[in-house]
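Data first, discussion second: the structure below is written as structure tokens.
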Amino acid sequence: MGRNVKNIFFTILLLFLVFLSLFFFAKYSSFVVEAWYNSSWFYRKPVTITNGGSLLTNEDVLIVVDSATLISNSKLQTDCDDFRFTDSDGSTLISYWIEGGCNTSSTQIWVRVPSVPTGNKTIYMYYGNPAATLAEQSWSGNFILFADASCPASWTRNSTFDSRFIYGSSTYGSTGGVAVSHNHGGTLSVATGGASVTGGVGGSVEQPCTNLTTATHTISGTIGYADSSPSYLTTILCQRNKLSNLGNLILLSDSTTPSGWTRMTAFDSKFPYGSASYGTSGGTTTHTHGLSSLTSGQSAQDCSAEIDPPDPNSRWISNPTHTHPSVVTDSNSSSSNLPSYKILLYVKSPTGLVSLNQTLISPVSVLPPLGWNGYTTLNSVFVMGGATANLTTQGASTHNHSATFTLQASTTYISKNASSMLRAAPNHTHTASYTYTSTSLLPPYTTIIYASRKTSLSSSLGTEENANTAPTAPTIPYTNGGTNPTGVVPSPYFSAIFNDPDTGDTGVSYQIQVNTQSDFLGTVMWDSGLQTMTPATGIGFRSPNITYGDTDLTNNGATYYWRIKFADSGGLTSPWSATAQFTMNTTPTAPTLPLTNDLTNPTG
228 MGRNVKNIFF TILLLFLVFL SLFFFAKYSS FVVEAWYNSS WFYRKPVTIT
278 NGGSLLTNED VLIVVDSATL ISNSKLQTDC DDFRFTDSDG STLISYWIEG
328 GCNTSSTQIW VRVPSVPTGN KTIYMYYGNP AATLAEQSWS GNFILFADAS
378 CPASWTRNST FDSRFIYGSS TYGSTGGVAV SHNHGGTLSV ATGGASVTGG
428 VGGSVEQPCT NLTTATHTIS GTIGYADSSP SYLTTILCQR NKLSNLGNLI
478 LLSDSTTPSG WTRMTAFDSK FPYGSASYGT SGGTTTHTHG LSSLTSGQSA
528 QDCSAEIDPP DPNSRWISNP THTHPSVVTD SNSSSSNLPS YKILLYVKSP
578 TGLVSLNQTL ISPVSVLPPL GWNGYTTLNS VFVMGGATAN LTTQGASTHN
628 HSATFTLQAS TTYISKNASS MLRAAPNHTH TASYTYTSTS LLPPYTTIIY
678 ASRKTSLSSS LGTEENANTA PTAPTIPYTN GGTNPTGVVP SPYFSAIFND
728 PDTGDTGVSY QIQVNTQSDF LGTVMWDSGL QTMTPATGIG FRSPNITYGD
778 TDLTNNGATY YWRIKFADSG GLTSPWSATA QFTMNTTPTA PTLPLTNDLT
828 NPTG
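Using our numbering, read the sequence shown as starting at 228 and increasing by one per residue.
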């Protein structure tokens, strides 16, 4: 029976010790996680990031903050300059960039987290420092969005694209393309084929020069101007450094129209064309050049020697240097006006939209520092609007045309004895095929960078935490339970009231200095250093008595000066208390006038 009781006792004791260990582990591990970045920041919130995949490094995570409420409660600067973000240790700063929406209920902030393991990861968002200066990642660029009306407040119209198309590139602002009115050099020259009809064979050795069947002519002419402008819609472009207040502005989507947004069907089969006003359509899908002043030259005569002339056989053959009366254009092809392009959806944001909360594509002048990737699939192409995205490159960067011609039958001919060599018949024709000089199909353009907003891991903000503010100076310092006492004997004791603005803090340690001078530049009688105080002292309560613990004091009537400060449970130390003092007791001098039976040295 005694052994069972003993076993039960030790089991309970063991469980108690395990519980106690877990309690202290939780307490102190929590303290490490909650280390405060800087006491100049009064508030912070934990940010929980959820990662359902594998370990990620240098991951951009989007955090949405109601900065308007923080500002209205005087907890955040009106320009959001005092935001700071730290890693899980609460003190290591990490990069961040405010995409837009400061002083709104949905401020968009991208944070680059060094490491995000599988599961949950906690980082910290700090704010509440009126003296803090801007520390977000710098960005000199602008978002450049399309508009079907004047630019919203805080946005400005970008005139760089006026009278130009928009061409994707890795750099912004370069111009190029050719004039859409063109004529492929303006002239054509093409040799025909041989004669279409052959004269007789045979003849005499006296046959003069004449035409072979293979003789050709050269056709010349003028190529007229034509306009190769692709179908377009004049569009206003608006720019801003922050992506906020973007109601009714237009972005691009490579998938679907976001909920609440409107697909801009006006851009279907058209390209945006920069302008100060919106809505004018122009351009066509194809073009053809007019051909004029078509002429043909004389044919070349042949004066080669006769070969085995047969019996005389008179035939009509063409004049040796004949021409043809006219050039007939049989065909003259048109060519597409479409330059290299891809199709995306032009989507318009809802009225009053404060900040972006979708993964869309935006033109920019410089790639943003966080939260966006270059959308390089749109490099070297123009973007046509459509109901369905098609990222296969269509169109072409150059174009040409083709034409065919016929020289009408010649009416100039002679009768000769033909030789054994074939000669052109008097009624022959010629045909020719011509391909225009290849010309650029890129219309006048200005380059732009396309960027795609990243898809972020899920993040959520936790409950606001206050900074650990240092205790204020201790008050009402006592020596031996009183204020500035005299007649103090050696080994006095001291106490004071602990004060701290943070509810729940306690005073856990103290430091006392005793000196011969009130400015503490005299002889140091005692400097305790920071010592643990047992028990800890609550706010507004007097500390336990702390006994003097250094150089012996004597009953010499001397006055000494002392002060005290406390450290709280968060590790911050208060200022010194007001200077207090105490005066030592004085050893009495030798007694005088000793009496015996009220007499001096009596006898009897």
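Note that the Cβ used here is the ideal one computed from N, Cα and C, for glycine as well.
Pairwise C-alpha distance: residue j and residue i
{"i": "L826", "j": "P712", "result": "39 Å"}
{"i": "L668", "j": "I570", "result": "18 Å"}
{"i": "A700", "j": "T277", "result": "44 Å"}
{"i": "P566", "j": "L688", "result": "48 Å"}
{"i": "L605", "j": "S396", "result": "7 Å"}
{"i": "G835", "j": "R311", "result": "Because the chain spans 228 through 831 in this model, residue 835 falls outside it and cannot be assessed."}
{"i": "D481", "j": "N617", "result": "8 Å"}
{"i": "S458", "j": "T492", "result": "14 Å"}
{"i": "T786", "j": "N707", "result": "15 Å"}
{"i": "T764", "j": "I290", "result": "40 Å"}
{"i": "D557", "j": "G517", "result": "13 Å"}
{"i": "N824", "j": "D754", "result": "53 Å"}
{"i": "Y573", "j": "S390", "result": "20 Å"}
{"i": "V288", "j": "S315", "result": "14 Å"}
{"i": "T662", "j": "H628", "result": "6 Å"}
{"i": "I321", "j": "V340", "result": "7 Å"}
{"i": "P596", "j": "N285", "result": "13 Å"}
{"i": "F498", "j": "S592", "result": "19 Å"}
{"i": "Y399", "j": "T550", "result": "57 Å"}
{"i": "T664", "j": "T625", "result": "10 Å"}
{"i": "G346", "j": "L757", "result": "42 Å"}
Extent of the continuous alpha helix (DSSP H) to which residue i belongs
{"i": "L297", "result": "S294 to S299"}
Exposure label - residue i; buried when at least 16 CB within 10 Å
{"i": "N369", "result": "buried"}
{"i": "Q304", "result": "buried"}
{"i": "L822", "result": "exposed"}
{"i": "V715", "result": "buried"}
{"i": "D308", "result": "buried"}
{"i": "L583", "result": "buried"}
{"i": "Q744", "result": "exposed"}
{"i": "F721", "result": "buried"}
{"i": "P704", "result": "buried"}
{"i": "A453", "result": "buried"}
{"i": "N742", "result": "buried"}
{"i": "S486", "result": "exposed"}
{"i": "S526", "result": "buried"}
{"i": "V274", "result": "buried"}
{"i": "S401", "result": "exposed"}
{"i": "A614", "result": "exposed"}
{"i": "F768", "result": "exposed"}
{"i": "A817", "result": "exposed"}
Same chain, Cβ closer than 8 Å to residue i, five either side skipped, listed in chain order
{"i": "D702", "result": "Per the sequence presented here, residue 702 reads as Thr, with Asp not at that position. These residues qualify, in order along the chain: A723, I724, N726, S804 and A805."}
{"i": "T383", "result": "C465, Q466 and R467"}
{"i": "D732", "result": "N695, P698, I766, D795, S796 and G797"}
{"i": "S519", "result": "G448, T449 and G451"}
{"i": "D375", "result": "T462, I463, N475, I477, M491, A493, Y505, G506 and K575"}
{"i": "A380", "result": "N472"}
Cut-off 6 Å between Cβ atoms - residues of its own chain near residue i, not counting five sequence neighbours on either side
{"i": "P552", "result": "Q635"}
{"i": "S589", "result": "F370, L478 and A678"}
{"i": "L521", "result": "G448 and V554"}
{"i": "S660", "result": "T631"}
{"i": "S332", "result": "D293 and A295"}
{"i": "S184", "result": "For residue 184 there is no data in the structure shown, the boundaries of the chain being 228 and 831."}
{"i": "S423", "result": "H655 and T656"}
{"i": "P344", "result": "L282"}
{"i": "I899", "result": "Residue 899 is absent from the model: the chain starts at 228 and stops at 831."}
Bounding residues of the beta strand (DSSP E) (the contiguous stretch that carries residue i)
{"i": "D795", "result": "T786 to D795"}
{"i": "G714", "result": "Note, G714: premise wrong, no beta strand (DSSP E); not H, not E."}
{"i": "F312", "result": "R311 to T313"}
{"i": "I321", "result": "Note, I321: premise wrong, no beta strand (DSSP E); not H, not E."}
{"i": "Q304", "result": "Taken as a continuous stretch (DSSP letters only), Q304 belongs to no beta strand (DSSP E), as it is neither H nor E."}
{"i": "D557", "result": "V554 to N559"}
{"i": "D754", "result": "V751 to D754"}
{"i": "I675", "result": "Y672 to R680"}
{"i": "C329", "result": "No beta strand (DSSP E) contains C329, which DSSP labels as neither H nor E."}
{"i": "M352", "result": "G346 to Y354"}
{"i": "S519", "result": "L518 to S523"}
Other residues of its chain near residue i: CB distance less than 7 Å, five sequence neighbours each side excluded
{"i": "G413", "result": "T449 and I450"}
{"i": "W263", "result": "G317, A694 and N695"}
Residue i: CB within 6 Å of a non-hydrogen atom of the ligand MG
{"i": "Q744", "result": "Inclusion of the ligand MG in the displayed structure is not the case, the ligand content being empty and no account of it being possible."}
Three CB pairs or more closer than 8 Å across the segment 603-620 and the segment 389-409 | Short answer: they touch.
Assess, as a yes-or-no matter, whether the segment 768-778 is touched by the segment 748-760 under the definition of 3 or more beta carbon pairs within less than 8 Å.
-> Contact between the segment 748-760 and the segment 768-778 is present: three or more C-beta pairs spanning the two stretches fall below 8 Å.
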